[in-house]
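Worksheet: one structure, shown below.
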Amino acid sequence: MPDALDGQILSLPYGVMPDPDAFIQAAMAWHFNPETGAPFWIERAKSLEFDPLTDVRSHADLSLFPNITDEIRDHPVTAFIPRGYGSRPDVISVIESGGTTGAPKALPLMADFAQLMVERDNAVWEHYGLTQKKNWLLFSPSGPHGALEQARRGAKAWGVLPFAIDMDPRWVKKQVAAGNQAEADAYADHLLDQAAFILKSQNIGYIRLTPPILARIVRREDMLEVIRENVEYIHWGGASMDADARHFYMDVILPGITLAGSYGTTMALGSGGRQRFGAEDADETIFDANLSPYTTFEVRDEKTGECVEYGNRGQLVVHHVSKALLLPNNAERDEVTRVAPVDANQIGDSIADISPLVSFKGQKVIEGVY
């Protein structure tokens, strides 16, 4: 059994892959040792029908865990901070879900995992040759959501200035659910007016946004003209984009501009996967789990819970296992196609063509944003 007090295998730099089984066993030793584990898991272990220290030996064994994401709402954030971080843990922020399927869930984001995500993002920017001579425009939720602050950390590491447009997805989803589409549209126009000023007055080469925001931007000639002249990379996420829309943007509206997306979830501390390198113009929108083994994907039949065959669609299940957090077996509100990974080191599945489930846990899903 790996030494829980060591934890070295749980703190490797981005791109250094641990032995998968040794990693899982070290994580169990860390999270279920009373000296290092979070209070939630030390207490929750008493009601598990298995022993994580002896029964969870590999990634496949994570399916033994129940999905505890709904239980998060009933506990203070401090219950999820591993004791191994000491009496003054470096919690860089508290992040909350968007509240799409109920009351928001809050989790602590530890500084070491935030840095790992920055290193992951830097590798993506290097792959695409993103310049460091132009600044960034970020459409992203701030406040409790975490996305904007993480993007700002990335900008700082890349050596550029982040210009931010704050977004409140909870308010807009509330308006849409109440049938107040005009209010939601007016709010989106308010965001675009702010962005138009930044685009015209600052040297912007990178934009981070959601597909619904992109759809609104391309209808604004004043913004589109500046983007075509100066922007070299548009990063999308936070909502789904089908292949037809993606090809229309790349081939017709924004030719010559890199358009690539990512998939993230608050229940994995904002991590998830990036669009597959070399497949940006493929018919499928494929995402690889580029923070494996920390965040990994499975695709299961929503009714039976069994893994579907490659090429078939099913419900996305996300496992997060890191020094900072243990949150396995989280059934997301998304339907995806199961795709084989291309990296031999990647644990679990790759996924494609993400779309929201019509309903999730008895509630209608309102995706946004906006």
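Under UniProt numbering, the residue at position 139 of the sequence shown is numbered 139, and the numbers go up by one with no gaps. Positions of the beta carbon are idealized from the N, C-alpha and C atoms, including for glycine.
Worksheet item: Which runs of the alpha helix (DSSP H) spanning at least 4 residues fall entirely within the stretch 17 to 47, listed in chain order?
Response: 20 to 31 and 39 to 44
N-terminal and C-terminal residue of the beta strand (DSSP E) that His-235 is part of: 233 to 236
**Prompt:** So is Lys-200 buried or exposed if we call it buried at 16+ other beta carbons inside 10 Å?
**Reply:** exposed
I'd like to know if the stretch 288 to 304 and the stretch 258 to 275 are in contact, where contact means that at least 3 CB-CB pairs between them fall below 8 Å. yes
*Span of the beta strand (DSSP E) holding Leu-107?*
106 to 110
*asked:* Check whether the stretch 37 to 55 and the stretch 13 to 21 are in contact - that is, three or more C-beta pairs closer than 8 Å.
replied: no
I'd like to check one pair, Pro-356 with Asp-349: are the Cβ atoms closer than 9 Å? no
By DSSP, does Val-176 sit in helix, in strand, or in coil?
-> helix
Is DSSP giving Glu-309 helix, strand or coil here? coil
Looking only at its own chain, which residues have a Cβ that is under 7 Å from the Cβ of Leu-12, when we skip the five neighbours before and after it? Pro-18
- Message: Please return the same chain residues whose Cβ sits closer than 7 Å to the Cβ of Phe-50, not counting the five positions on each side in sequence.
- Response: Leu-64
Q) When the distance is taken between beta carbons, is Asn-135 closer than 9 Å to Val-160? A) yes
Once the 5 residues before and after Thr-337 are set aside, which same chain residues still bring their CB inside 6 Å of it?
Arg-313, Ala-352 and Asp-353
inquiry  = Please state the DSSP three-state secondary structure of Gln-275.
reply    = strand
| Quick one: what does DSSP say Phe-287 is sitting in, helix, strand or coil? | strand
Is Lys-156 buried or exposed, if buried means 16 or more other CB atoms sit within 10 Å of its CB?
exposed
Do you know how far the Cα of Ala-215 is from the Cα of Met-223?
12 Å
Item to complete: Tell me whether Ala-4 sits in a helix, a strand or coil according to DSSP, three-state version.
Response: For Ala-4, the predicted model reports a pLDDT of 42, less than 50, meaning its position is unreliable; a value from the coordinates is still stated below. Correct three-state label for Ala-4: coil.
### Alpha carbon of Ile-213 to alpha carbon of Leu-53, nearest angstrom
46 Å
For Glu-309, count the other beta carbons within 10 Å of its own beta carbon; 16 or more makes it buried, fewer makes it exposed. Which is it? exposed
*asked:* As a quick exercise: from Leu-269, Thr-210, Ser-262 and Ala-151, pick the residue whose alpha carbon is nearest that of His-280.
replied: First, the residue type needs correcting, since residue 280 is Glu and not His in the sequence shown. Measuring from the Cα of Glu-280, the nearest candidate turns out to be Ser-262.
Item to check | Span separating the alpha-carbon of Thr-296 from that of Pro-82 | outcome: 21 Å
inquiry  = Give me, in chain order, the residues of the same chain whose beta-carbon lies closer than 8 Å to that of Arg-57; leave out the 5 immediate sequence neighbours on both sides.
reply    = Asp-21, Ile-24 and Gln-25
| task | Give, in chain order, every unbroken run of the alpha helix (DSSP H) that is at least 4 residues long and sits entirely within the stretch 160 to 208. | result | 169 to 177 and 181 to 201
**Report entry** Whole-angstrom C-beta distance between Ile-253 and Val-231, which should lie under 8 Å
**Finding:** 12 Å between Cβ atoms; not a contact.
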